[in-house]
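Peer 1:
2 protein chains.
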Amino acid sequence: MKKLINRPEDLVEESLAGLALAQPDLLRVVAPGVVVRIDAPRRGKVGLVSGGGSGHEPLHAGFVGPGMLDAACPGAVFTSPVPDQILAATRAVDGGAGVLHIVKNYTGDVMNFEMAAELAAADGIEVRAVTVADDVAVQDSLYTAGRRGVGGTLLVEKIAGAAAEAGADLAEVERLARRVCDGARSMGVALSGCTVPAVGRPTFELADDEMEIGIGIHGEPGRARVPLAPAAEVVRQLAEPILADLPFRAGDGVLAFVNGMGGTPLIELHVVFGALHRLLAGRGITVERSLVGPYVTSLEMAGCSITLLRLDDELRRLWDAPVRTAALRWGR
Amino acid sequence: MKKLINRPEDLVEESLAGLALAQPDLLRVVAPGVVVRIDAPRRGKVGLVSGGGSGHEPLHAGFVGPGMLDAACPGAVFTSPVPDQILAATRAVDGGAGVLHIVKNYTGDVMNFEMAAELAAADGIEVRAVTVADDVAVQDSLYTAGRRGVGGTLLVEKIAGAAAEAGADLAEVERLARRVCDGARSMGVALSGCTVPAVGRPTFELADDEMEIGIGIHGEPGRARVPLAPAAEVVRQLAEPILADLPFRAGDGVLAFVNGMGGTPLIELHVVFGALHRLLAGRGITVERSLVGPYVTSLEMAGCSITLLRLDDELRRLWDAPVRTAALRWGR
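In structure tokens form, the structure reads like this:
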């Protein structure tokens, strides 16, 4: 295992401490695994909390800031945060207008967020939760009942975050988060595994001529192990199940998100985006907004995922709203 | 070789086409390997052109936009752009106020930018050039007479770009670019090699317990192949030569840039940044600004580099100025 770390057991806290030192005007760590906006709680604003296992950076702590999350609670690598941690984040961002939990659909995450929500309710904090389950690759998986939550999570955080920043109430923020969940679909591919530091060996191995289509963000098995193919063919294998699922139709305008899994360089992600753009144009689907980069990663895994979100005026306006976080900044 | 590409010979153009499709309001490709701001040329504004081999994305094309570069001319992977390409970029961004070339100190780059500058001068375009040579690792290298240009290049592009955007004339933009060159020092480490697509095998191999200190961004040999060490020790091995070189002194305020080489996850880069912050604090040096992420990469190489720039009011103000590019966006 070759990593730029000190002791594996200190990795998450050391990394969060480094993040806070790099973003002193944006966020702070108020307890182990609890990252909050520097100005939290904001009186009268709905608080947005997300979290999940570490190893997917910049998700979620990289999206804490004005226009997006109020808090993130990262667990150990590929491990759910504990209820006390989620509760601490919820309390830290409660400004009296309630708190929305944005939860990726993994059994441990869902359970721990539910427990934290009950504890918060006992404190008098109104909590709602949305569960993101955008991955069309598999129905149930190693860690889920139902579909996994992957790249769509970022889109939920951005759009719900914009609504909360603009002063929407809890029901309205929840409604918008659900609209994104309803309209977003994703699928990923891995060209390599990744190594959890505390384990020290790759989660799985792929032969030199193989890729895994439909991979999960923890290296869970996907749909099929197939021969490595040119980028245009990989895009077809990812995009067709996504398009068929919602389904997306000719005339739709979409946000197209090409996400790097960590180890795949940006030069390749733009090749993938170009191929996706062509494929969509061929189906009469217009890319109205886009995002290309490593945002929902699996440590150093090579590969990518595609997320499509069907847009309309309401979602487009919220996507375009200003945001300032470590990982996502709008210049307008 | 496992990459998300089509034919290796089409990689750069396909990737640039994808970038342009993803950033339609920001940039366009006007000729093969010539990426320019969507609104170029801007009448009366000094034009900024940079370029070099591809494989270092988002450098340089990811930094084209308001407040930074007017054009980028990426060559083939790890290969200098040709003079005609640099000339086309120079012509495309000349708004009558002259053009600054920002050149990383590699023999081929320097020669080809000089040739392009002569051709542009024959067209009546005033061109100045600054050569970035911030890497303290080695004096001469496989591809350079003198020091290599690495992470400091991004800082030159940002600060000179802010000055040009604010209306500074060519001499003033050149002066500021040289100030950054004078005050920035860098050094990198590799934990793995990377594979140039047209070659198909890694540039070099490291044993499981080895790292290469002082690596170049094309995998050129560094100072020493040494045993893999904890992050805090790696930071010491990179930072001490940097600090001794300028030298940086107690009381200095710096911009600290922890750059990922491509294959190293963000969770590790923040561990490195935290260790660097502590080391600097111990020397009485204050981190006033920071940047953490994969910005000057070597394809999928694992590793990182550290760049320090000594700040003062003038440089800090230009660093803080608004910018809007694919890779670097300010929210303020």
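Chains as they are written, first to last, in our numbering: chain A, 1 to 332; chain B, 1 to 332. C-beta: ideal position from N, C-alpha, C; glycine also.
Report the partner residues of R102(B) according to the DSSP bridge assignment.
Peer 2: Rather than Arg, the amino acid found at residue 102(B) in this sequence is Ile. In the DSSP output, where bridge partners are listed per residue, I102(B) has S50(B), V130(B).
Peer 1: Shorter than 7 Å from the beta carbon of F273(A) to some beta carbon of chain B?
Peer 2: Yes - at least one Cβ of chain B is within 7 Å of the one on F273(A).
Peer 1: Which residues, in order along the stretch 214-238 of chain B, keep a beta-carbon less than 7 Å from a beta-carbon of chain A?
Peer 2: Under the 7 Å Cβ criterion, the stretch 214-238 of chain B contributes L228, P230, A231, A232, V234.
Peer 1: Taking CB distances under 7 Å as the criterion, tell me whether R37(B) reaches chain A.
Peer 2: Chain A, which has no Cβ nearer than 7 Å to the Cβ of R37(B), makes this no.
Peer 1: In chain B, which residues lie less than 8 Å from V127(A) when you measure between Cβ atoms?
Peer 2: Residues of chain B passing the Cβ test: none, with the nearest at roughly 28 Å.
Peer 1: Would a check of beta-carbon distances place L305(A) closer than 7 Å to chain B?
Peer 2: According to the sequence provided, residue 305(A) is Ser. The question's Leu does not apply to it. No, its Cβ sits nowhere closer than 7 Å to a Cβ of chain B.
Peer 1: Compare the Cα-Cα distances from I242(B) to each of G183(B), A190(B), E288(B) and report the closest residue.
Peer 2: Of the candidates G183(B), A190(B), E288(B), the one whose C-alpha sits nearest the C-alpha of I242(B) is G183(B).
Peer 1: Output the distance between the C-alpha atoms of G193(A) and H60(A), rounded to the nearest integer angstrom.
Peer 2: Straight-line Cα distance between these residues: approximately 21 Å.
Peer 1: On the three-state DSSP scale, how would you describe P202(A)?
Peer 2: In this structure, P202(A) counts as strand in the three-state DSSP scheme.
Peer 1: For I242(A), does the three-state DSSP call read helix, strand or coil?
Peer 2: It is helical.
Peer 1: Can you pull the chain B residues whose beta carbon is under 7 Å from the beta carbon of R283(A), in chain order?
Peer 2: The contacting residues do not exist; R283(A) stays about 16 Å from chain B at best.
Peer 1: How do the stretch 319-327 of chain A and the stretch 212-225 of chain A stand: do at least 3 beta-carbon pairs fall below 8 Å, yes or no?
Peer 2: The stretch 319-327 of chain A is not in contact with the stretch 212-225 of chain A.
Peer 1: What would DSSP say about G284(B), mapped onto helix, strand or coil?
Peer 2: Note: G284(B) maps to coil in three-state DSSP.
Peer 1: Kindly examine the ligand HEM and report whether one of its heavy atoms sits closer than 6 Å to the Cβ of G53(A).
Peer 2: In terms of ligand content, the structure shown is empty, and the ligand HEM therefore cannot be addressed.
Peer 1: Kindly give me the distance between the Cβ atoms of A133(B) and R147(B), rounded to whole angstroms, as I take these residues to be in contact under 8 Å.
Peer 2: A133(B) to R147(B), Cβ: 4 Å. Contact.
Peer 1: G149(A) and K104(A) - do their beta-carbons sit closer together than 7 Å?
Peer 2: Yes; because the gap between Cβ atoms is below 7 Å, this pair is in contact.
Peer 1: Going by DSSP in three states, R332(B) sits in which element: helix, strand or coil?
Peer 2: In this predicted model, R332(B) has a pLDDT of only 39, less than 50, meaning its place in the structure is not dependable; the value taken from the coordinates is given anyway. Of the three classes helix, strand and coil, the one that applies to R332(B) here is coil, per DSSP.
Peer 1: Identify which residue in G98(B), C304(B), M115(B) has its Cα closest to the Cα of V273(B).
Peer 2: In the sequence as presented, Val is not what sits at residue 273(B); that position holds Phe. Ranking G98(B), C304(B), M115(B) by Cα distance to F273(B) puts C304(B) first.
Peer 1: Please report the residue range of the beta strand (DSSP E) in which A121(A) lies.
Peer 2: Not the beta strand (DSSP E): A121(A) falls in the alpha helix (DSSP H), residues 107-122.
Peer 1: Counting only Cβ pairs nearer than 7 Å, list the residues of chain A close to T286(B).
Peer 2: Here the premise fails: no neighbours, minimum Cβ distance about 12 Å.
Peer 1: Go to E212(A), then tell me how far its alpha helix (DSSP H) extends in each direction, as first and last residue.
Peer 2: Premise fails: E212(A) lies in the beta strand (DSSP E), 210-213, not in any alpha helix (DSSP H).
Peer 1: To the nearest angstrom, report how far apart A92(A) and V127(A) are at their CA atoms.
Peer 2: Whole-angstrom Cα-Cα distance: 13 Å.
Peer 1: Anything in the stretch 250-276 of chain B with a Cβ closer than 7 Å to a Cβ of chain A? List those residues in chain order, please.
Peer 2: Listed by position, the residues of the stretch 250-276 of chain B near chain A (Cβ gap below 7 Å) are G262, G263, T264, P265, L266, I267, E268, H270, V271, V272, F273, G274.
Peer 1: Using a threshold of 7 Å, state whether the C-beta atoms of A231(B) and I5(A) are closer than that.
Peer 2: In contact: A231(B) and I5(A) (Cβ atoms closer than 7 Å).
Peer 1: Quick check: what's the CA-CA separation for L27(A) versus R179(A)?
Peer 2: Rounded to whole angstroms, L27(A) to R179(A) spans 28 Å at the Cα level.
Peer 1: Roughly how many angstroms lie between the CA atoms of A229(A) and A302(B), to the nearest whole one?
Peer 2: For A229(A) and A302(B), the distance between alpha carbons rounds to 24 Å.
Peer 1: Tell me, which residues are paired with I407(A) by DSSP?
Peer 2: Past the boundaries of the shown model lies residue 407(A); chain A is included only from 1 to 332, so the question cannot be answered.
Peer 1: Under 7 Å between the Cβ atoms of E300(A) and G263(A)?
Peer 2: Yes, Cβ-Cβ distance for E300(A) and G263(A) is below 7 Å.
Peer 1: Which residues, taken in chain order from the stretch 17-33 of chain B, show a beta carbon closer than 7 Å to some beta carbon of chain A?
Peer 2: Within the stretch 17-33 of chain B, the residues whose Cβ lies closer than 7 Å to some Cβ of chain A are A17, G18, L19, L21, A22, listed in chain order.
Peer 1: For D208(B), go through chain D and note every residue whose CB falls closer than 9 Å to its CB, in chain order.
Peer 2: The question asks about chain D, but that chain is absent: this structure's protein chains are A and B.
Peer 1: Can you tell me whether DSSP reads D135(B) as helix, strand or coil?
Peer 2: It is a strand residue.
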